[in-house]
Amino acid sequence: MKEEDRAILEQNFQAKIDNDIRIEPNDWMPDAYRETLIRQISQHAHSEIVGMLPEGNWITRAPNLRRKAVLLAKVQDEAGHGLYLYSATETLGADREDTIDDLHSGKAKYSSIFNYPTLSWADMGAIGWLVDGAAIMNQVPLCRCSYGPYARAMVRVCKEESFHQRQGFEIMMTLAKGSPEQKAMAQDALNRFWWPALMMFGPNDAESKHTAQSMKWKIKRHTNDELRQQFVDVTVPQAELIGLTVPDPDLKFNEQTGHYEYGEINWDEFWQVVKGNGPCNKERVDARRKAKEDGLWVREAATAYAAKKKLRKQAS
Ligand code: 3HC
C-alpha cells in the first residue's frame, strides 16, 4: 500500500474514533490498534479464567448452602466472561488455541491480583467487594470502548460484576457484624487484599506504556490513576460503614479536592508479581495447563462427533 493511501486510511480511522463511531471487525484499522486490542482483551479473558481458581478453592468450604450456591454462580459467571472475551479476540483474527497457549507459556499476562492465596472464607468477601469492585470501576468505561465487540461484551459483564461486588460486600458486612473472631477474619482479608486491589489498575500513568495511545484510540476512557482514585473514593467509606480499617496509615480525606489521599503502592511487589514471582503464579498457570490436558478427551470426542455428524449429513 502506498504511504499516502495509508495516511488517508489512518486519518479516516482516527476521525471515526474522535467522532465516537464504533470500529467493527470488518472495518479497516491500524495493525497497532488491532494488536493492542488483542493484547488487552486476551489478558482480560485470561484474568477471568484464572480468577476462577482462588474462588473455586472455597466452593467446597462455603459455610452454608446459600453461600455455596452464590459462589458457584459467581465462578460460573467468570468462566462466561472469559469465553465472551476470547470470542472478542477472535473477531480481531486471534486464534483461540494460540491465545490460550500464550497464557500457559507465560507469554501473556493476567491480572496480578489472582496470584495471591485465599486463606479464609472472608477472602471470598474481600475478592467480591474489592476485586470485582475494582473490575467494575475499570470495566464500566470499557462499555464505551471504541471497538464494538469489546464494548458490547462489557455491557453484559458489568451487569454480572455488580452482583459479584454486592455478594462480596454482604459477606464482609455479615462477618464484620459477627463475633470478634469473624470481624478479625474480615479485617485480615481487607489487610491482605487492599493493596493488591489498588495494583489491579496498573502502573502509575507516568509509568504506563500503553495509556496515552489507548486514550487516543478511546480503548481507555480514563487513565489508570483516575480509575484507581475513583475506586479508593468509593471503597473507603464502605469499609468505614462496616467498621473495618483500610490498612493505609497515610490515608486521609482532602476536603479541598474531595478525594482520599493514600500511601505509596509497593511497585516492586507489583512488578515482581507481574513478572511471575508472586505467591501463587506457578500454581495458577500449572492449574490452567492441567485443565487443558484433562479436557483433551472432551475436545477429541466433540471433534469426532462433529466429523461423524458432517459425514452422516453428506451421506443423506
Ligand atoms: N496485572 C498484570 N499485568 C498488568 C497489570 C496487572 N494488574 N496492570 C498492568 N499490567 C501490565 C500490562 O498488561 C502491560 O503489559 P503488556 O504490555 O505486556 O500487556 C504493562 O503492565 C503496562 O501496563 P499499562 O497500564 O501500560 O497497560 P494497559 O494500558 O493494558 O493497562 C489494564 C492495564 C488497566 C489492566 C488494562 O489492560 C485494562 O483495563 N484491561 C481490561 C480490564 C482487565 O483486564 N482487568 C483485569 C481484571 S479482570 C477481573 O478482575 C475479573 C473479575 O470478574 C474478577
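Just so you know, the sequence shown maps onto residues 28 to 343 in our numbering. In this text, a Cβ means the ideal position worked out from N, Cα and C, and glycines have one as well.
Exercise. When every heavy atom of the ligand 3HC is checked, does at least one fall within less than 6 Å of the C-beta of glutamate 75?
Worked result: yes
For this session: Would you kindly report the start and end of the unbroken beta strand (DSSP E) that includes histidine 286?
Result: 286-288
Exercise. Within the present structure, is the beta-carbon of serine 139 separated from the nearest heavy atom of the ligand 3HC by less than 6 Å?
Worked result: yes
Problem set entry | proline 176 vs alanine 135 beta-carbon contact at 7 Å | no
Problem set entry | Residue span of the alpha helix (DSSP H) that contains phenylalanine 280, given as start and end | Not the alpha helix (DSSP H): phenylalanine 280 falls in the beta strand (DSSP E), residues 279-281.
For this session: Mind checking which residues open and close the alpha helix (DSSP H) that includes phenylalanine 141?
Result: Unbroken run through phenylalanine 141: none, as it is neither H nor E.
Exercise. Is the distance from the Cβ of glutamate 105 to the Cβ of glycine 78 below 7 Å?
Worked result: yes
For this session: Over the uninterrupted alpha helix (DSSP H) stretch that includes aspartate 129, give me the two end residues.
Result: 123-132
For this session: Let me know the beta strand (DSSP E) ranges lying completely inside the segment 165-226, each 3 residues or longer, listed in chain order.
Result: none
Exercise. Between which two residues does the alpha helix (DSSP H) harbouring arginine 339 extend?
Worked result: 323-342
Exercise. Where does isoleucine 44 fall in DSSP's three states?
Worked result: helix
For this session: Could you work out which residue in Asp159, Tyr143, Glu187 and Val184 is closest to threonine 262 when comparing CA atoms only?
Result: Asp159
For this session: Pick out whichever of Arg193, Cys170 and Gln194 has its Cα sitting closest to the Cα of arginine 183.
Result: Cys170
For this session: Taking phenylalanine 228 as part of the alpha helix (DSSP H), name the residues at either end of that continuous run.
Result: Here phenylalanine 228 belongs to no alpha helix (DSSP H), and DSSP marks it neither H nor E.
For this session: Quick one: grab the DSSP three-state call for isoleucine 246.
Result: coil
For this session: Check whether the Cβ of glycine 78 sits closer than 6 Å to any heavy atom of the ligand 3HC, and report yes or no.
Result: yes
Exercise. Looking only at C-alpha atoms, which of Phe40, Phe141 and Tyr111 sits nearest to proline 81?
Worked result: Phe141
Exercise. Between which two residues does the alpha helix (DSSP H) harbouring glycine 152 extend?
Worked result: 149-153
Exercise. With a CB to CB cut of under 8 Å and the five nearest residues on each side skipped, what residues in its chain are close to histidine 131?
Worked result: Val312, Arg315, Arg316 and Lys319
For this session: Report the three-state DSSP secondary structure of isoleucine 50 (helix, strand or coil).
Result: strand
Exercise. Going by the CB atoms, is the gap between tyrosine 289 and phenylalanine 280 shorter than 7 Å?
Worked result: no
Problem set entry | N- and C-terminal bounds of the alpha helix (DSSP H) containing serine 237 | Correcting the residue type first, residue 237 is histidine in the shown sequence and not serine. Element bounds for histidine 237: n/a, residue is neither H nor E.
Problem set entry | Buried versus exposed call for asparagine 251 [16 or more other C-beta atoms within 10 Å across all chains shown] | buried
Exercise. Exposed or buried, alanine 331, counting other C-beta atoms within 10 Å across all chains shown (16 or more means buried)?
Worked result: exposed
Exercise. Exposed or buried, threonine 238, counting other C-beta atoms within 10 Å across all chains shown (16 or more means buried)?
Worked result: buried
Exercise. Considering lysine 101, what are the terminal residues of the alpha helix (DSSP H) in which it resides?
Worked result: 92-117
Exercise. Rounded to a whole number of angstroms, what is the C-alpha to C-alpha distance between histidine 249 and leucine 338?
Worked result: 52 Å
For this session: Specify the secondary structure class of tryptophan 55 as computed by DSSP and reduced to three states.
Result: coil
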